[in-house]
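Enquirer: Those sequence lines, one after another, are chains A and B. Read the first sequence against my numbering and you will find it ends at 10, with the numbers running on by one and no gaps. Read the second sequence against my numbering and you will find it ends at 1215, with the numbers running on by one and no gaps. Virtual Cβ for every residue (Gly too), placed ideally from N, Cα, C. Computed from a predicted model, the values in this text were never measured in an experiment.
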Amino acid sequence: QEKPNSHDEL
Amino acid sequence: MNIFRFAGDMTHLISIVVLLLKIYATKSCSGISLKTQELYVIVFLARYLDLFTDFISVYNTVMKLVFIGSSLAIVWCMRMHRAVKRTYDKELDTFRHYFLVLGSFVLALLLHEKFTFQEIFWAFSIYLEAVAILPQLVMLQRSGNVDNLTGQYVFFLGAYRAFYILNWIYRFFTEPHFSRWIACLSGLVQTAFYADFFYYYFISWKNNAKLQLPA
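#1: Answer yes or no: do B/Ile-1133 and B/Thr-1036 have a C-beta to C-beta separation smaller than 8 Å?
#2: Once DSSP output is grouped into helix, strand and coil, what is the label at B/Asn-1208?
#3: Can you pull the chain A neighbours of B/Arg-1005, defined as C-beta to C-beta under 9 Å?
#4: Between B/Asn-1002 and chain A, is any beta-carbon pair separated by less than 8 Å?
#5: Taking C-alpha atoms, which residue in B/Asn-1145, B/Ile-1068, B/Arg-1142, B/Ala-1159 lies nearest to B/Gln-1227?
#6: One question on the structure: do B/Gly-1008 and B/Asn-1167 come within less than 8 Å of each other, judged by their Cβ atoms?
#7: By alpha-carbon positions, which one of B/Val-1084, B/Pro-1135, B/Arg-1079, B/Tyr-1170 ends up nearest to B/Val-1101?
#8: Where are the alpha helix (DSSP H) runs, 4 residues long or more, that stay fully inside the region 1079-1136 of chain B, in chain order?
#9: When DSSP labels each residue in this structure, what does B/Asn-1216 get in the three-state scheme?
#10: Taking DSSP as the reference, what is the three-state secondary structure of B/Glu-1038?
#11: So, under 8 Å CB-CB, B/Leu-964 and B/Ser-1104 are touching, yes? Tell me the CB distance rounded to an integer number of Å.
#12: Give the straight-line distance between the Cα atoms of A/Gln-1 and B/Val-1058, rounded to the nearest whole angstrom.
#13: First and last residue of the alpha helix (DSSP H) that includes B/Cys-1231?
#14: Which residues in chain A sit within 8 Å of B/Met-1063, going by Cβ to Cβ distance?
#15: Using a C-beta cutoff of 8 Å, does B/Asn-1148 count as contacting chain A?
#16: Show which residues of chain A have a CB atom less than 9 Å away from the CB atom of B/Phe-1067.
#17: Any beta carbon from chain A within less than 8 Å of B/Trp-1181's own beta carbon?
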C-alpha cells in the first residue's frame, strides 16, 4: 500500500 | 485518498476534457498556448518516471496514463492536425518557456527531497508545473477576449491545485509524519498565479458578461 512519503499523489 | 485530493484529480481531469472538447468540437485551438501544453507534457513525463516501477493503485496508474496520453494528444493536435494547427495564434504565444524549464531544473538541483535521479526529476516537475500556466495566462491577456471553453479550461486547471492544498492541510492533520513542503509551497505559488484570473472570471460570472482580462 502507500509507503509513507512516497509520491502517492498525482 | 481523501475527498480533497479526489476532487482535485477530477477537476484536473475535467480541465483536460474541456480542452479536448474545445479542440475537437470547434476544430480550433485559438487562444490556447502550445507552449503551456508542451510544458505539461514535460511535467507529466518527468513526474511519472515511476509509472512502471512503483505500483500504488490502479487508479494512480490509470490517471497517470490519462494525463500523459491526453497532454501528448493535445500537443500533437496543435502541431500536426491540419485543421487545428492553422488556428494556433503563434504570434500571441511568445513566452520564452525554455527559461521556465531551465529555471525549474536548476531549482530542482538545489531543492529536492533526495539527491537521486527520480527525486530531482520529481521536484523539477513540481516546480515546472507551478509556472507552466504562465505562457497561457500571458496569451489570454494579449488576446483580450477569452472564449468560454478556454476560460473554463483555465479555471478548472487553477482550481485543481487549490483542492490539492486542502488535501495537504487535511493530510498534515491526519497523518503523523506527513511532510510535502516542496509540493505544498510550489502548489501555493501555482495557485497564486491564477489569483487575478479567478478574480476576473468571478466578475464575468457575476455580471454574466464575457470574460475580459485587462491588457
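Expert: Quick look at the numbers:
#1: yes
#2: coil
#3: Glu-9, Leu-10
#4: By this cut-off, B/Asn-1002 is not an interface position.
#5: For chain B, the structure presents residues 1001 to 1215; residue 1227 of chain B sits outside this window and is missing.
#6: Result yes, Cβ atoms of B/Gly-1008 and B/Asn-1167 sit closer than 8 Å.
#7: B/Pro-1135
#8: 1082-1085, 1098-1110, 1117-1131
#9: The structure shown does not extend to residue 1216 of chain B, since chain B spans only 1001 to 1215, so no value can be given for it.
#10: Note: B/Glu-1038 maps to helix in three-state DSSP.
#11: Given that chain B is displayed from residue 1001 to residue 1215, the structure contains no residue 964 of chain B and the question cannot be resolved.
#12: Unreliable positioning characterises A/Gln-1 in this predicted model, as indicated by a pLDDT of 44, which lies under 50. The coordinate reading is nonetheless provided below. One C-alpha to the other measures close to 12 Å.
#13: Missing from the structure shown is residue 1231 of chain B; chain B here goes from 1001 to 1215 and no further.
#14: Leu-10
#15: Chain A places no beta carbon closer than 8 Å to that of B/Asn-1148, leaving this residue out of the contacts.
#16: Those are Leu-10, listed as they occur along chain A.
#17: no
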